[in-house]
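Protein chains in written order, with the numbering used here: chain A, 83 to 491; chain B, 83 to 491.
Working notes, beginning with the structure itself.
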């Protein structure tokens, strides 16, 4: 055995304001250290049942199958794609960012017949383009990204939903950066498979992927001609564990699911509409501050995600150096751009527990200082003033009330 | 939104002595509540590097690629199968239990050309049968289960390893119930892909799957003709995140990996050989006690797993009722049999932190009482006497020393 330095790396405290993971509520940390329990323990099965009750309203789902896949958001993405598609199935992939393209890659691994509509990164998919494609050919499935984590774009869903219905295509939706922070209405939109992750607006550490399938999707999976290419992500196997049959499939992680249950309880205690308002309000305050500092947002106002803000990096700024400075001096972790936006934007997350007035108020001086270090001057007092005006008295009160709640937890 | 009862299900305390998950060390619980951190944070990348250093010796690996897949043990199984096999590849699946058969199912989903050798449940695979198959046909891959979780059988590896070399086949090994509790020598055995889980002898909650690929396996994956059917489990993508490139693949769970690092430090502090001895000693004590009570083990002595003990259920005993009694009265969770051993055996795990003298000493009176309730009398004093004789003075001292360590943690 090699000689080993046995010291554990100390876990540092960060303020997480990137694309995820985000900070989690103290009650979620408590849940994480709950005693481990067996995956067939009657008490634990009730925990899974509670998750199965509390999660559907967050998706806007009644009926179908809803629970959390045992992996990160990408496992949920692959579960959705691999269960719905068989070799040769025609699928229309709407890609207006990195994650739309990831769906394409997964669909190709199913040997589906893939057509891609690409939109500019920073814009949503244009429904007219979708309709043009649907007129040309019959598609089994349309895939689209509700909240594109690489660009900060929110996809308006009404037209896409109408088209899917009109042309009788199924709909697959990525809500990785929106579920729990923005209203999702899978029933109203006719979404057949929709997945997310645990570490963003839901508010737990990474490791689970909330997912929902419509009754129609469940039927499609039941009647497949070929086996799902992934045993691990096969809905027809895993739903026998989630459902009343309780047939062993994988060893469900009580640690992660206790945390998920606690996070869902926090969501329902807060109230969905109140939670969405909080995300929107803090987003508006952040944008006001950022723009008052003289910085620009990547996305047009009507398509901005309230959960993930993409800020254009001013010319002459060294991106990596600036983010390292924020991490070292302020313990503040924001995200860089990636793919074709690498070095061009920062991604500032305000999701779940991290969507708070005090995070916005912390970010403005920190970024102002970090820019100044590289010679770019901003008007900090204008920035803070804009934030405070947006937050107004209520915003500050809400932050204070939240702080009290935490103290009492 | 439906009306919800918002009370969180209280997490009960169990003594976990089933097939897993098992109890975890207090230091691992502490690690679980470490502050969440970003998957690209320089400190967190060091955590992943430390895991990449500490895990290979547990597998007996130098070279290749070793880390933990972001899913349960079955995700590691599928990663091993899906990366090494392409459609049409001839694979010899040795199935002497439920999990050997699961490998077969996964291989079929790759459309590999699958040949199965089935052995009786409770026996290992016979190398002569393997050789007979290898003489008939050339195989790309042999798959076998080192520690069959469904039967409690330990597969002797020397002959299988020799045959794989002799007939130039790759080797895939399931060590889900052995890694960290029994010596694994993947380099010596010429194992190309070997996977396990986090919640058994390694000693963390479920959610990760330690896995190792040989240099030869890495080459095979690089030179595949077709894409790996699972994007999520594609080694060529995930190793770009594990390795020096640090290309984003999935959002690695700092919570689970902090816990894994802590568990690996515990393993290396204890010493591998000392750890294997502890597992063996407690197993011997349990078997002595069980047999002195008049119960029978399923597996012949030379093939018994020291980590998972399969005890034959005496005639006239209601299995479910007995296990429910243990859970209700003793908070003791042991496993039932499944597949063709359902209702025929109990599976008593002594793995990782749960492999302790005090668990053995607790189990004997508990099972004796549970049998008595159903009218089966056992000689409890003979049972305990046998355990104490096996443990001898050193065993008890070790348990006491361990208890002191925990108190000091």
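Here a beta-carbon is modelled for each residue, glycine too, at the ideal position from N, C-alpha and C.
These numbers were taken from a predicted model, which means no experiment stands behind them.
Open item on the list: Going by C-alpha to C-alpha distance, which of A:153, A:149, A:148 sits closest to residue 150 of chain B?
Closed with: Taking the first residue of the second chain as 1, we reach residue 150 of chain B at position 68. Answer by Cα proximity: A:153.
Task: chain A contact residues for residue 283 of chain B, given Cβ-Cβ distances below 8 Å - done: Position 201 of the second chain, counting from 1, holds the residue named residue 283 of chain B. Residues of chain A passing the Cβ test: none, with the nearest at roughly 14 Å.
Open item on the list: Considering just the uninterrupted stretch of the alpha helix (DSSP H) at residue 358 of chain B, what are its terminal residues?
Closed with: If you number the second chain from 1, residue 358 of chain B lands on position 276. Its alpha helix (DSSP H) spans residues 354-374.
Open item on the list: Counting only Cβ pairs nearer than 8 Å, list the residues of chain B close to residue 98 of chain A.
Closed with: The count along the first chain starts at 1 and reaches residue 98 of chain A at position 16. Within chain B, the residues near residue 98 of chain A are 118, 119, 120.
Task: Sequence-distant residues of its chain with Cβ nearer than 6 Å to residue 159 of chain B (five each side left out) - done: Taking the second chain and counting its residues from 1, the one referred to as residue 159 of chain B is at position 77. Taken in chain order, the residues that qualify are 277.
- [ ] Could you pull the start and end residues of the alpha helix (DSSP H) that residue 444 of chain A belongs to?
- [x] Translated into positions along the first chain, residue 444 of chain A becomes position 362. That run of the alpha helix (DSSP H) goes 439-455.
- [ ] Output yes if chain A places a C-beta closer than 8 Å to the C-beta of residue 203 of chain B; else output no.
- [x] Here residue 203 of chain B refers to the residue found at position 121 when the second chain is read from its first residue. It does not; no Cβ of chain A falls within 8 Å.
- [ ] With 7 Å as the C-beta to C-beta threshold (strictly closer), list the residues of the segment 445-473 of chain B near chain A in chain order.
- [x] none
TODO: On the DSSP bridge assignment, give the partners of residue 108 of chain B in chain order.
DONE: Here the question's residue 108 of chain B lines up with position 26 in the second chain. According to DSSP, which records beta bridges pairwise, residue 108 of chain B is partnered with nothing at all.
Open item on the list: According to DSSP, is residue 433 of chain A part of a helix, a strand, or is it coil?
Closed with: For the purposes of this step, residue 433 of chain A is taken as residue 351 along the first chain, with counting starting at 1. Coil.
Task: Any chain A beta carbon closer than 8 Å to residue 338 of chain B - done: Numbered from 1 along the second chain, position 256 holds the residue referred to as residue 338 of chain B. Residue 338 of chain B counts as touching chain A.
Task: chain A residues whose Cβ lies nearer than 9 Å to that of residue 225 of chain B - done: Within the second chain, the letter at position 143 stands for residue 225 of chain B. Those within 9 Å of residue 225 of chain B in chain A number zero; the least Cβ separation is about 14 Å.
Open item on the list: Run through chain B and tell me which residues come within less than 8 Å of residue 503 of chain A, C-beta to C-beta.
Closed with: Beyond the ends of chain A as shown, which are 83 and 491, falls residue 503 of chain A; an answer cannot be given.
- [ ] Count the other C-beta atoms from every protein chain shown that fall within 10 angstroms of the C-beta of residue 471 of chain B, then say buried if there are 16 or more, exposed otherwise.
- [x] Position 389 of the second chain, counted from the start, is the residue given in the question as residue 471 of chain B. Residue 471 of chain B comes out exposed.
Open item on the list: According to DSSP, simplified to helix, strand and coil, what is residue 98 of chain B?
Closed with: The sequence position of residue 98 of chain B within the second chain is 16, counting from 1. In this structure, residue 98 of chain B counts as strand in the three-state DSSP scheme.
Task: Buried or exposed by the 16-neighbour rule on C-beta atoms within 10 Å, applied to residue 186 of chain A - done: Position 104 of the first chain holds residue 186 of chain A. Answer is buried; the Cβ neighbour count reaches 16.
Open item on the list: Along the chain, where does the alpha helix (DSSP H) containing residue 383 of chain B start, and where does it finish?
Closed with: Counting from one through the second chain, the residue named residue 383 of chain B turns up at place 301. First-last for residue 383 of chain B: undefined, no H or E at that position.
Task: Listed by chain order, chain B residues near residue 279 of chain A by CB distance under 9 Å - done: Numbered from 1 along the first chain, position 197 holds the residue referred to as residue 279 of chain A. Residues of chain B passing the Cβ test: 333.
- [ ] Just tell me which of A:245, A:180, A:320 has its CA closest to the CA of residue 256 of chain A.
- [x] Mapped onto the first chain, residue 256 of chain A falls at position 174. Checked all of A:245, A:180, A:320; the closest Cα to residue 256 of chain A is A:180.
Open item on the list: Quick check on the burial criterion: 16 or more other C-beta atoms within 10 angstroms. Buried or exposed for residue 217 of chain B?
Closed with: Position 135 of the second chain, counted from the first residue, corresponds to residue 217 of chain B. When all chains shown are included, residue 217 of chain B counts as exposed.
Open item on the list: Does residue 450 of chain A pass the burial test, meaning 16 or more other C-beta atoms within 10 Å, or should it be called exposed?
Closed with: Residue 450 of chain A sits at position 368 when you count from the first residue of the first chain. Buried: at least 16 other Cβ atoms inside 10 Å.
Open item on the list: I'd like to know if the segment 436-444 of chain A and the segment 417-424 of chain A are in contact, where contact means that at least 3 CB-CB pairs between them fall below 8 Å.
Closed with: no
Task: Anticipated Cβ contact below 8 Å, residue 281 of chain B with residue 102 of chain B, distance rounded - done: To locate residue 281 of chain B, count along the second chain from 1; it is residue 199. To locate residue 102 of chain B, count along the second chain from 1; it is residue 20. About 5 Å; that satisfies the 8 Å criterion.
TODO: Run the CB neighbour count on residue 491 of chain A, radius 10 Å, all protein chains shown included, and call it buried at 16 or more, exposed below.
DONE: Here residue 491 of chain A corresponds to residue number 409 of the first chain, with the count starting at 1. Confidence in residue 491 of chain A is poor, its pLDDT being 48 and thus under 50, which makes the residue's placement too unreliable to answer from.
Task: Residue nearest to residue 273 of chain A in terms of C-alpha spacing, selected from A:147, A:431, A:474, A:455 - done: Mapped onto the first chain, residue 273 of chain A falls at position 191. Ranking A:147, A:431, A:474, A:455 by Cα distance to residue 273 of chain A puts A:147 first.
Task: Through-space distance from residue 316 of chain B to residue 93 of chain A, alpha-carbon basis - done: In the first chain, residue 93 of chain A corresponds to position 11, counting from 1. In the second chain, residue 316 of chain B corresponds to position 234, counting from 1. Their Cα atoms are separated by approximately 29 Å.
TODO: Report the partner residues of residue 294 of chain A according to the DSSP bridge assignment.
DONE: Stepping through the first chain from its first residue, residue 294 of chain A is reached at position 212. BP columns for residue 294 of chain A point to A:148, A:276.
TODO: Please name the residue in A:360, A:232, A:371 whose C-alpha comes closest to that of residue 445 of chain A.
DONE: Residue numbering aside, residue 445 of chain A sits at position 363 when the first chain is read from its first letter. Taking only the C-alpha atoms, the option nearest residue 445 of chain A is A:371.
Task: Residues that residue 113 of chain B bridges to, as DSSP identifies them - done: Within the second chain, residue 113 of chain B is the residue found at index 31, counting from 1. The partner list for residue 113 of chain B (beta bridge, DSSP) is empty, contrary to what the question assumes.
- [ ] State buried or exposed for residue 229 of chain B, treating a residue as buried only when at least 16 other CB atoms are found within 10 Å of its CB.
- [x] Taking the first residue of the second chain as 1, we reach residue 229 of chain B at position 147. Counting Cβ neighbours within 10 Å, residue 229 of chain B comes out buried, since at least 16 surround it.
- [ ] State the DSSP-derived secondary structure class of residue 172 of chain A, mapped to helix, strand or coil.
- [x] Residue numbering aside, residue 172 of chain A sits at position 90 when the first chain is read from its first letter. In the structure shown, residue 172 of chain A sits in a strand (DSSP, three-state: E or B).
Open item on the list: Which residues of the segment 311-331 of chain B have a Cβ closer than 7 Å to any Cβ of chain A? Give them in chain order.
Closed with: 311, 312, 313, 314, 330
Open item on the list: I'd like to know whether the C-beta of residue 29 of chain A is nearer than 8 Å to at least one C-beta of chain B.
Closed with: The shown model of chain A, from 83 to 491, leaves out residue 29 of chain A, and the question about it has no answer.
Open item on the list: Would residue 269 of chain B pass as an interface residue toward chain A - the criterion being a Cβ-Cβ separation below 8 Å?
Closed with: Working through the second chain from its first residue, we reach residue 269 of chain B at position 187. Not an interface residue.
Open item on the list: Using the three-state DSSP reduction, which class does residue 197 of chain B fall into: helix, strand or coil?
Closed with: Looking up residue 197 of chain B in the second chain gives position 115. Residue 197 of chain B: strand per DSSP, three-state reduction.
- [ ] Please classify residue 398 of chain B: is it buried, with 16 or more other beta-carbons within 10 angstroms of its beta-carbon, or exposed?
- [x] Within the second chain, numbered from 1, the residue matching residue 398 of chain B stands at position 316. Exposed, since its Cβ has fewer than 16 Cβ neighbours within 10 Å.
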